[in-house]
Every structure is written in C-alpha cells, then in structure tokens.
Amino acid sequence: MVAAAAAQAFVDSHRDEATTELFGITELCREFGITLRALRFYEDKGLLAPRRINGARVYTRRDRARLALILRAKAIGSPLSEIKRYLDLYGDQGQGRAQQLSFAIERTDNEIAELEKKRAHIDETLAELRVINASARAQLQARQRADANT
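As numbered in this note's numbering, residues 1124 to 1273 make up the sequence shown, in order.
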C-alpha cells in the first residue's frame, strides 16, 4: 500500500488553502515536466487562470492543484473538455462540490475497471508466455541431451 500512501500524500499536499504561496510559470513547468507552451495552452482553454503581477504570470496554490489534476486526468485518457467540465463544477467557493465528487467517482470507477481488465489480460499473457518459455526450455534441454549422447 506504499502507492496508496504516496497518492494520499500528493492529494494532501494540494489541500493547504491557508498558504499564499505563488509560483512562476517556469517553476511550474519544471516541477510538472511540461513546456511553457503546454501551460499556456491550458490557460487558453480556460483550465487555468493565473494572476498577473507587473505583467508576469503568477500561479496560486489552487492553480498548481488544478494543473496537477489536469495532468493526472490527461494521464488516464480524459479529454480536455471533460477535464474542464470537472474543474468548472468546483467553482471559486466550492459550488457543485457534490457534483464534482460524483463525477470523480464515476470517472475513477470507470478507469479502475478498465485498468483491472488490462491487468487481467496482462496476467493471462504472462501465464501463456511462461508456459511457452518452460516448454521451449524443456525442448532445448532434451535436444542438448540427445546431441550429447550421439
């Protein structure tokens, strides 16, 4: 359950609302391993809305959390339109929190089921490969013994 603990720590690290910590565009790009262009693309699509201080983009902890959610959702195959729908449910004051949670539950249930299917397929394939491997080894050993006896 190390993975579950790491996942919980990641989620918890984005929940500290009391901080006024700000992040620059380069800092976020480096932290999340994305390009400046990708971050600006998410802004253009309305997924992020950084503040501007003296003309420079600055991101709040909330923006950072939204970026983490965007990237996680993309990693499981969610289209940007669905990600935006999910983020828009939240609102500035927590409006739609129940809807957002229901959406998250539905989406993660679907992804869990899909990954479990893939894992079952991988397990079946591994079992088949192990049988083929064992058979090939036995055949090779039999041939080597026969060659040694001749």
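By construction, the Cβ of each residue, glycine as well, lies at the ideal position given by its N, Cα and C atoms.
Where does residue i land, buried or exposed, given buried means 16+ other C-beta within 10 angstroms?
i            : result
residue 1192 : buried
residue 1196 : buried
residue 1186 : buried
residue 1138 : Any reading at residue 1138 must be qualified, since the residue scores a pLDDT of 49, below 50, and its modelled position is unreliable; no value is offered.
residue 1263 : exposed
residue 1242 : exposed
residue 1209 : buried
residue 1175 : exposed
residue 1224 : exposed
residue 1249 : exposed
residue 1159 : exposed
residue 1260 : exposed
residue 1151 : buried
residue 1252 : exposed
residue 1268 : exposed
residue 1189 : buried
Based on DSSP bridge pairs, tell me the residues matched to residue i.
i            : result
residue 1183 : 1145
At what residues does the alpha helix (DSSP H) containing residue i begin and finish?
i            : result
residue 1161 : 1159–1167
Which stretch, first to last residue, makes up the beta strand (DSSP E) that contains residue i?
i            : result
residue 1176 : 1174–1176
Roughly how far, in whole angstroms, is the beta-carbon of residue i from the beta-carbon of residue j, given that I think they are within contact range, below 8 Å?
i            : j            : result
residue 1168 : residue 1194 : 14 Å between Cβ atoms; not a contact.
residue 1170 : residue 1206 : 7 Å
residue 1165 : residue 1173 : Contact flag wrong, Cβ pair sits at about 10 Å.
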